[in-house]
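Trainee: Residue numbers (our numbering): 3 to 564. Each residue gets a CB set at the ideal place from its N, CA and C atoms; glycine is no exception.
1. Considering Cα atoms alone, identify which of 255, 219, 262 and 236 is closest to residue 181.
2. At a Cβ threshold of 8 Å, is residue 395 touching chain B?
3. Kindly list the residues whose CB is nearer than 7 Å to the CB of residue 503, restricted to its own chain and excluding five residues on each side of it in sequence; keep chain order.
4. At 3 residues or longer, what runs of the beta strand (DSSP E) sit wholly inside the segment 375-418?
5. Residue 290 and residue 512: beta carbons closer than 8 Å?
6. Which value, in whole angstroms, describes the spacing of the CA atoms of residue 40 and residue 295?
7. Have a look at 38, 415 and 211 and flag the residue whose alpha-carbon is nearest the alpha-carbon of residue 230.
8. Sort 133, 103, 140 and 146 by Cα distance to residue 160 and report the nearest one.
9. Could you give the DSSP three-state label for residue 536: helix, strand or coil?
10. Check residue 144 in the structure and name its three-state DSSP category.
11. Taking the straight line between their C-alpha atoms, what separation do you get for residue 390 and residue 425?
12. Quick one: grab the DSSP three-state call for residue 583.
13. Quick one: any contact between the segment 462-474 and the segment 401-410, if contact means 3 or more CB pairs under 8 Å?
14. Examine the Cβ distances between the segment 275-284 and the segment 234-247 and report whether three or more of them are shorter than 8 Å.
15. Could you have a look at residue 19 and say whether DSSP puts it in helix, strand or coil?
16. Which first and last residues belong to the alpha helix (DSSP H) in which residue 231 is found?
17. Which residue's Cα is closest to the Cα of residue 171: 199, 109, 192 and 45?
18. Where are the beta strand (DSSP E) runs, 3 residues long or more, that stay fully inside the segment 444-477, in chain order?
19. Does the contact criterion of 3 or more C-beta pairs under 8 Å hold for the segment 339-352 versus the segment 515-529?
20. Can residue 119 and residue 186 be called in contact, C-beta distance under 8 Å?
21. Our contact map puts residue 169 next to residue 129 with C-beta atoms below 8 Å; I'd like the distance itself, whole angstroms only.
22. Have a look at 431, 475 and 175 and flag the residue whose alpha-carbon is nearest the alpha-carbon of residue 132.
23. Note down the Cα distance separating residue 402 from residue 372, rounded to an integer number of angstroms.
24. Would you decide whether residue 476 is buried or exposed? Buried here means 16 or more other CB atoms lie within 10 Å of its CB.
25. List the endpoints of the continuous beta strand (DSSP E) containing residue 511.
26. Closer than 7 Å to a non-hydrogen atom of the ligand NAD - does that hold for the CB of residue 430?
27. If residue 382 and residue 394 are in contact, beta carbons under 8 Å, what's the gap, nearest whole angstrom?
28. Determine the burial state of residue 455: buried for a count of at least 16 other Cβ atoms within 10 Å of its Cβ, exposed for fewer.
29. Looking at residue 369: is its Cβ nearer than 8 Å to the Cβ of residue 332?
30. Could you tell me how far apart the beta carbons of residue 166 and residue 184 are, in whole angstroms, since I believe they sit closer than 8 Å?
31. Exposed or buried, what is residue 21 when buried is set at 16 or more other beta-carbons lying within 10 Å of its beta-carbon?
32. Please report the distance separating the alpha-carbon of residue 113 from that of residue 145.
33. Bridge partners of residue 330, per DSSP?
34. Look up residue 129 in the DSSP assignment and say whether it is helix, strand or coil.
35. Going by beta carbon distance, what residues of the same chain come within less than 7 Å of residue 416, once the five residues before and after it are set aside?
36. Give the single residue among 533, 304, 163 and 429 whose Cα lies nearest to the Cα of residue 313.
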């Protein structure tokens, strides 16, 4: 048997499933959005202020020391060699080189910048005591975790612009923290430049000590001594000028704009959070339903059963609950749409039984709740409307429901003799005494043999009875005998009954009955000798076409010409 490996997604089925659950999805989205809105409003407010610094290179690539043109030669280790036209003067960091953005980002997270900032915040009298304590704890905790949120540096603007943002619980505190943070960054940059100049001074001092040591030697030629004296004079002048530059350098960064006190908090944002939560919940719910429809291998269309070689004899639409409760299932099935679908089913069944007098049809399903009992009652009512006589045998001895279905019509029928005199009035008793049976007339041309009280050991009743003989005796009085059996995969009773019936009709609920269950029922029916002739797709949410809405045209009164 060819098995279906992939199920196409029908847009109508997808929309039907989405529509069924739309109220729940929308309701859940609204509830979660409301919860997030209330939770956000309860959170403390957070204000953010920003100060901007700009990178400037105050030292030229070459400098003038003691009338000599100085050149900087980069070294592999990041240092620069200081040279003049006469030769090497020393290895020193004498330029305020522009810092890369990654270096500044790391600097903001370093202890060299944050610890001084923490001390400054802790001693700042303009901040409230509670806010100072909170900010100090927060900065220290973020420094340990290396995840700064209170202070952040944005380097994406480019052009040497850097924005330092600070967050606090008040607008004034946020502005003050941003200003203190930017000043801490400038101080750190100046300190870095001072270290470079100190290294240059140290290098020149080492060279001077080396020159002095060589000059102390008495064996130097006069020319070399004169050169060393000249070099010593130049280095002393360079040392003096570097000392002056070190005391006047502003560093490579400068403040472009101070922080401004924010007017509105950046967090929390109750409305935004609620809208995002509602939208995400709605999208997630719709996605889950769509994924479920895509992955769930269930009976949805006639094409789903083609791979199993099972014909679909009819497709019945879903009857709304309020219609069933108001009028009962049999009465609700008499309306347009359902009646036409039952008519198609009746025509298809009769075409299969052209040479079969008084046929016995067992109606079953793979699992409870798929609508086999209501379909049995509705089909009997439809056939009786067309002039046929029908006997319904409720063979679900555990959970018979035919009596309840017909009582919804205000059942006031009478008992009459089916065979013999007096005798059984339930299926359980009738199978023991098939020659003396009474049936209940539930409507004109429709008789019912109720199942009786619930019975656990129902299989023994069917095994001990001569089903074929009993059905042969009862069928002679009717155009069709309908057996409402237990689900095939729930109990073995259905397989025993199916072997004695002329045909078996499977009822599958659209979007609910798995294809694997239909496949299993077909295999078991084949092994037990049941003749499964086709399926009915029940509780369909898809429109079956305009033919079901082809209503009779109201009669019109002809007007005779005068």
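Mentor: Reading it off the structure:
1. As a position in the chain shown, residue 181 is number 179, starting the count at 1. For residue 181, the nearest C-alpha among the options comes from 262.
2. Considering every chain present, this structure includes no chain B. It has just one protein chain.
3. As a first step, residue 503 is located in the chain shown; it is residue number 501 there, counting from the start. Within the same chain, residue 503 has close Cβ partners 362, 363, 364 and 485.
4. 392-396
5. Mapped onto the chain shown, residue 290 falls at position 288. Mapped onto the chain shown, residue 512 falls at position 510. For residue 290 and residue 512, no; Cβs fall outside 8 Å.
6. Indexing the chain shown from 1 puts residue 40 at position 38. Indexing the chain shown from 1 puts residue 295 at position 293. Roughly 34 Å separates the two Cα atoms.
7. For the purposes of this step, residue 230 is identified with residue 228 of the chain shown, where counting begins at 1. Nearest option by C-alpha distance: 211.
8. Start at 1 with the first residue of the chain shown, and residue 160 comes out as number 158. Out of 133, 103, 140 and 146, 103 has the C-alpha closest to the C-alpha of residue 160.
9. Taking the chain shown and counting its residues from 1, the one referred to as residue 536 is at position 534. Residue 536 falls in the strand class under three-state DSSP.
10. On the chain shown, residue 144 is found 142 positions in, with the first residue counted as 1. The DSSP-derived three-state label of residue 144 is helix.
11. One-based indexing of the chain shown puts residue 390 at position 388. One-based indexing of the chain shown puts residue 425 at position 423. Those two C-alpha atoms are separated by around 26 Å.
12. Because the chain is modelled from 3 through 564, residue 583 falls outside the range shown and cannot be assessed.
13. no
14. Cβ pair count under 8 Å is below three, so no.
15. Counting from 1 along the chain shown, the entry for residue 19 is found at position 17. Here residue 19 sits in helix by DSSP.
16. Here residue 231 corresponds to residue number 229 of the chain shown, with the count starting at 1. From DSSP, the alpha helix (DSSP H) with residue 231 extends over 224-250.
17. Locating residue 171 in the chain shown gives position 169, where the first residue counts as 1. Comparing Cα-Cα distances from residue 171 to each of 199, 109, 192 and 45, the minimum goes to 45.
18. 448-451
19. These segments do not touch.
20. For the purposes of this step, residue 119 is taken as residue 117 along the chain shown, with counting starting at 1. For the purposes of this step, residue 186 is taken as residue 184 along the chain shown, with counting starting at 1. Yes. Within cutoff.
21. Start at 1 with the first residue of the chain shown, and residue 169 comes out as number 167. Start at 1 with the first residue of the chain shown, and residue 129 comes out as number 127. Not quite, the Cβ-Cβ distance comes to about 14 Å (not below 8 Å), so this is no contact.
22. Residue mapping note: residue 132 aligns to position 130 of the chain shown, counting from 1. Of the candidates 431, 475 and 175, 175 places its Cα closest to the Cα of residue 132.
23. On the chain shown, position 400 is the one that residue 402 refers to. On the chain shown, position 370 is the one that residue 372 refers to. Roughly 14 Å between the two C-alpha positions.
24. Here the question's residue 476 lines up with position 474 in the chain shown. Residue 476 is buried by the Cβ-count criterion.
25. To locate residue 511, count along the chain shown from 1; it is residue 509. Note, residue 511: beta strand (DSSP E), 505-511.
26. For the structure depicted, the ligand NAD is absent and the ligand set is empty, with no information on it obtainable.
27. Position 380 of the chain shown holds residue 382. Position 392 of the chain shown holds residue 394. Indeed, because the Cβ distance is near 5 Å, the residues count as touching under 8 Å.
28. Your numbering for residue 455 matches position 453 in the chain shown. Per the 10 Å Cβ criterion, exposed.
29. Residue 369 sits at position 367 when you count from the first residue of the chain shown. Residue 332 sits at position 330 when you count from the first residue of the chain shown. No, Cβ-Cβ distance for residue 369 and residue 332 is not below 8 Å.
30. Stepping through the chain shown from its first residue, residue 166 is reached at position 164. Stepping through the chain shown from its first residue, residue 184 is reached at position 182. 5 Å between Cβ atoms; contact.
31. What you label residue 21 is simply residue 19 of the chain shown in a count that begins at 1. Exposed: under 16 other Cβ atoms inside 10 Å.
32. The sequence position of residue 113 within the chain shown is 111, counting from 1. The sequence position of residue 145 within the chain shown is 143, counting from 1. Distance between the alpha carbons of residue 113 and residue 145: 8 Å.
33. Numbered from its first residue, the chain shown carries residue 330 at position 328. None; residue 330 has no bridge partner.
34. Position 127 of the chain shown, counted from the start, is the residue given in the question as residue 129. DSSP places residue 129 in coil when its eight states are reduced to three.
35. On the chain shown, residue 416 is found 414 positions in, with the first residue counted as 1. Excluding sequence neighbours, residue 416 sits near 443.
36. Counted from its first residue, the chain shown places residue 313 at position 311. Checked all of 533, 304, 163 and 429; the closest Cα to residue 313 is 304.
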